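Numbering (the working numbering), first residue to last: 445 to 795.
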């Protein structure tokens with residue numbers, strides 16, 4: 445019984461070999477994997493200050509290697525959307541040894557992030573064509589490498605992985621209220637956003653170049669992976685451009701907070717878009733008309749995902765992205781200074 449996927453995935457084949465030799469079926473009672481992502485976050489309340497903390501745990505992915513972007517347009521993913529299947533290692537071990545992987549019933553009260561309270565299971569009728577390929581990692585890699593279509597998608601996933609490229613992690617929370625300190629922090633983040641926009645543009649070009657191969661792809665999972673990745677790359681370009689506009693306007697205006705206890709600025713996502721002012725149009729060469737064109741293209745691709753893959757995690761993620769919107773602005777907030785005690789007064793557990 446476990447609520448994690450573990451950190452010893454490299455030993456899967458050894459476990460299977462030994463279990464088969466001993467003629468021992470393995471039964472696992474566990475949780476659904478996070479959709480296309482190795483990690484989830486559990487909420488833990490410390491006993492010192494009664495503050496809530498997000499502790500990262502391993503919870504996926506459902507395939508030998510991720511088939512979805514690890515990026516959310518600003519940094520590594522913080523969501524916990526369900527894959528509808530158990531973690532790859534556990535399901536493969538159970539299947540190969542003649543055992544069964546059972547899904548723990550009920551929702552998790554400690555799971556944090558978007559999608560943590562959403563339905564964790566999907567209808568079999570909707571998911572039967574999207575089952576993960578449970579080959580060994582070596583065989584999976586060989587099969588993926590034999591396909592130009594799948595290889596291109598994997599290249600985009602690796603290129604846009606913030607766990608491999610730390611410069612893709614752009615600060616979302618806790619910008620200073622003071623203008624000088626805000627500018628110092630922001631001046632480090634904007635170049636990262638501009639670089640990420642360039643990587644996303646290259647990703648869009650890669651994905652659009654293989655579009656003719658989509659119809660030849662037999663796997664519903666890989667077609668869905670393509671459709672969602674393209675939608676996200678298109679949308680995240682818009683989101684990062686909005687981030688740059690919001691940063692520029694915030695630095696220019698630097699409004700005073702309205703609440704007395706506010707001590708930080710946080711980047712907040714919304715549907716309403718910030719229009720570029722004349723100076724920003726001149727600098728970026730992106731007009732309001734061009735921005736609207738990019739927005740509509742992104743929305744159309746997300747709607748295609750929902751239409752083509754209804755009742756699946758890909759459609760759920762697309763609906764979530766549309767609901768979030770692509771706009772950005774700075775919102776005042778409060779950060780409890782007692783969080784500075786993490787590592788001193790507060791010892792975070794390893795869950």
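Heads up, the beta-carbon is just placed ideally off N, CA and C, and yes, glycines get one too.
Keep in mind that this is a model prediction, so the values were computed, not measured.
Per DSSP, residue 636 is one residue of the alpha helix (DSSP H) stretching across 623-653. Residue 677 and residue 644 do touch by the CB rule: their CB atoms are close to 5 Å apart, below 8 Å. Using a Cβ distance threshold of 8 Å, residue 657 and residue 599 do not count as a contacting pair. Between residue 679 and residue 568, the gap from beta carbon to beta carbon reaches 8 Å or more. In this structure, the alpha-carbon of residue 617 lies about 15 Å from that of residue 784. Here residue 669 really is in contact with residue 597; their C-beta atoms are around 6 Å apart, less than 8 Å.
Taking C-beta separations shorter than 8 Å and ignoring five residues to either side along the sequence, the partners of residue 712 in its chain run 772, 773, 774, 775, following chain order.
Rounded to whole angstroms, the gap between the alpha carbons of residue 741 and residue 674 is 10 Å. Linking residue 561 to residue 552 through their CA atoms gives a straight-line distance of about 8 Å. Residue 732 has its alpha-carbon roughly 28 Å from the corresponding atom of residue 623. Under the three-state reduction of DSSP output, residue 532 falls in the helix class.
Counting the other CB atoms within 10 Å of its CB gives residue 589 a total below 16, which places it among the exposed residues. Straight across, the Cα-Cα distance linking residue 735 with residue 686 is about 9 Å. DSSP places residue 483 in the uninterrupted beta strand (DSSP E) bounded by 483-489. In the structure shown, residue 458 falls within a helical segment according to DSSP collapsed to helix, strand and coil. Of the residues assessed, residue 541 falls on the buried side of the cut-off, its CB having 16 or more other CB atoms within 10 angstroms. Residue 607 sits away from residue 504, with the two beta carbons spaced by 8 Å or more. Its chain contains 519, 520, 606 as the residues whose beta carbon lies nearer than 7 Å to that of residue 613, once the 5 sequence neighbours on both sides are disregarded; these appear in chain order. Counting every other CB atom within 10 Å of its CB across the protein chains shown gives residue 702 a total below 16, marking it as exposed. Taking residue 780 as reference, the option from 708, 502, 539, 545 with the minimal CA-CA separation is 708. Each residue's CA atom was taken as its position, placing residue 492 and residue 787 some 12 Å apart. If you compare the alpha carbons of 543, 502, 507 with that of residue 464, the shortest gap goes to 543.
Of the residues assessed, residue 700 falls on the exposed side of the cut-off, its CB having fewer than 16 other CB atoms within 10 angstroms. Listed in chain order, the non-local C-beta contacts of residue 753 below 6 Å within the same chain comprise 668, 759, local neighbours out to five positions each way being set aside.
Around the beta-carbon of residue 507, 16 or more other beta-carbon atoms lie within 10 Å, marking it buried. The residue among 621, 476, 782 with its C-alpha nearest the C-alpha of residue 535 is 476. A straight line joining the alpha-carbon of residue 573 with that of residue 603 spans about 28 Å.
With 16 or more other Cβ atoms inside 10 Å of its own Cβ, residue 671 counts as buried. When DSSP states are grouped into helix, strand and coil, residue 537 belongs to the helix group.
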